[in-house]
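So the sequence shown is numbered by my numbering: it starts at 9 and just counts up by one.
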Amino acid sequence: MFSQRLERAAKRLTEGQIADLPDGKPVPAHVAIIMDGNGRWASERYLPRVAGHKKGADTVRSCVRSCGELGISYLTLYAFSSENWKRPLDEVDDLMGLLKIYLKSELEAFHKNNIRFRSIGDRSRLSTDIVKLIEDAERKTENNSGLTLILALNYGAQAEIAAAVRQIATKVAKGELAAEDITEVTVAAHLQTAGIPDPDIIIRTSGEQRLSNFLLWQAAYSELLFVDEFWPDFNKDILVRALEEYGCRERRFGARP
Ligand code: IPE
Ligand code: IPE
Ligand code: MG
9 MFSQRLERAA KRLTEGQIAD LPDGKPVPAH VAIIMDGNGR WASERYLPRV
59 AGHKKGADTV RSCVRSCGEL GISYLTLYAF SSENWKRPLD EVDDLMGLLK
109 IYLKSELEAF HKNNIRFRSI GDRSRLSTDI VKLIEDAERK TENNSGLTLI
159 LALNYGAQAE IAAAVRQIAT KVAKGELAAE DITEVTVAAH LQTAGIPDPD
209 IIIRTSGEQR LSNFLLWQAA YSELLFVDEF WPDFNKDILV RALEEYGCRE
259 RRFGARP
């Protein structure tokens with residue numbers, strides 16, 4: 009039963025139709041993905057880790073395409089965490105090099121596919137050429153009306169929340185804001201994701217079951233889904249299966265069912 013529904017949904021996706029999932033369940037507006045397992049994918053093949061990261065970048069391209077075809081409005085991809093600087097220098101260099109290649113090569117495709125590009129994370133530690141590519145892509149695609157692709161680069165949720173607290177405290181100190189008026193809405197408005205709806209679903213690949221400092225505030229009521237496949241093996245079918253699973257979940261937001 010489930011596999012038949014999956015097959016039908018995958019067929020619709022292959023045909024490029026934007027549709028509800030089986031049973032008329034709508035696709036989630038915001039999908040966020042922790043792209044994990046590039047290194048293990050490479051190790052299993054006796055390849056250097058960078059080979060996994062390269063294949064992972066190809067998976068990003070196909071995943072962005074699939075999300076656009078499915079009618080998803082926002083896709084956030086965790087590409088580099090604020091803790092990933094702890095990795096050996098040559099791996100960090102490889103990742104930054106691939107990021108540069110990705111940003112340079114995709115600008116045309118973003119435009120062609122009506123994608124609006126955004127990035128969250130602390131840019132101060134990224135190289136100036138990468139920051140320029142990000143700013144260019146954001147500026148050139150800001151009026152596109154299709155999928156919003158948000159790349160989390162040097163992103164850490166705790167640092168994001170701390171930065172929001174600093175901004176709010178500064179406003180209070182200047183008398184622009186009264187401390188008793190600070191609510192959840194105030195905090196959300198000072199996060200880098202201000203204006204972006206919270207993720208409906210967070211998918212993590214590679215079988216690991218943790219958030220690793222990703223969207224901690226925004227994940228308050230996200231559905232969490234863990235898939236065993238490594239990120240380089242992630243594909244349309246796995247995405248559709250995840251969305252189907254999401255469609256079967258009952259979201260309560262604390263209310264009574
Ligand atoms: C995800 O794959 C990519 C980044 C975190 C940048 P990993 O590099 O974490 O791969 P594993 O988890 O070591 O297999
Ligand atoms: C999380 O993966 C960060 C990204 C996917 C960019 P990690 O591989 O860095 O997470 P941990 O260290 O296993 O928690
Ligand atoms: Mg990992």
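The beta-carbon is built from N, C-alpha and C at its ideal position, and this holds for glycine as well.
For THR84 versus ARG124, is the C-beta spacing smaller than 8 Å?
no
Limits of the unbroken beta strand (DSSP E) element including PHE261:
Note, PHE261: premise wrong, no beta strand (DSSP E); not H, not E.
**Message:** Taking contact to mean 3 or more Cβ pairs, one atom from each stretch, closer than 8 Å, check whether the segment 36-47 and the segment 84-93 are in contact.
**Reply:** yes
Apply the 10 Å Cβ neighbour rule to GLN25 and answer buried if 16 or more other Cβ atoms are within range, or exposed otherwise.
Because GLN25 sits at a pLDDT of 44, beneath the cut-off of 50, its placement in the model cannot be relied upon, and the following sentence gives the value as read from the coordinates. Exposed.
Among PRO205, LEU55, ARG57, VAL235, which one has its Cα closest to the Cα of ILE158? Of PRO205, LEU55, ARG57, VAL235, the residue nearest in Cα terms is PRO205.
Check your understanding: If GLN200 sits next to ILE128, beta carbons under 8 Å apart, how far is it from one beta carbon to the other, in whole angstroms?
Key -> 4 Å
Quick check: the segment 52-64 against the segment 126-140, are at least 3 beta-carbon pairs closer than 8 Å? no
Q.
Determine whether the beta carbon atoms of ARG259 and PHE234 lie at a separation below 8 Å.
A. no
- prompt: For the alpha helix (DSSP H) that HIS198 lies in, which residues bound it at each end?
  reply: Taken as a continuous stretch (DSSP letters only), HIS198 belongs to no alpha helix (DSSP H), as it is neither H nor E.
Q. Which residues bound the alpha helix (DSSP H) around ALA65?
A. Per DSSP, the unbroken alpha helix (DSSP H) holding ALA65 starts and ends at 57-78.
Which of helix, strand or coil DSSP assigns to TYR54 = coil
| CB LEU115 to CB LYS148, shorter than 8 Å? | yes
Under 8 Å between C-beta atoms, does PHE125 make it to chain C?
-> Of the chains in the structure shown, none is chain C; there is only one protein chain.
The beta strand (DSSP E) spanning VAL39 covers which residue range? 38-42
Just verifying my parser: in three-state terms, what is the DSSP assignment at ASN92? helix
Quickly, what does DSSP pair SER132 with across the bridge? List them, please.
-> Beta-bridge pairing links SER132 to no other residue.
- [ ] Check whether the segment 181-199 touches the segment 162-173, counting contact only when three or more Cβ pairs, one atom from each stretch, lie closer than 8 Å.
- [x] Contact holds: three or more Cβ-Cβ distances are below 8 Å.
Backbone secondary structure at GLY24 - three-state DSSP
In this prediction, GLY24 has a pLDDT of 43, which is less than 50 and means its spatial position is unreliable; what the coordinates show is noted afterwards. Coil, per DSSP.
* Output the boundary residues of the beta strand (DSSP E) element that contains ALA186. => It is not in any beta strand (DSSP E) - ALA186 carries neither H nor E in the DSSP assignment.
* **Run of the alpha helix (DSSP H) containing TYR254, from where it starts to where it stops** => 244-256
task = For my contact list, LEU223 and ALA165 are in at a C-beta cut-off of 8 Å; report their separation, rounded to the angstrom.
result = 6 Å
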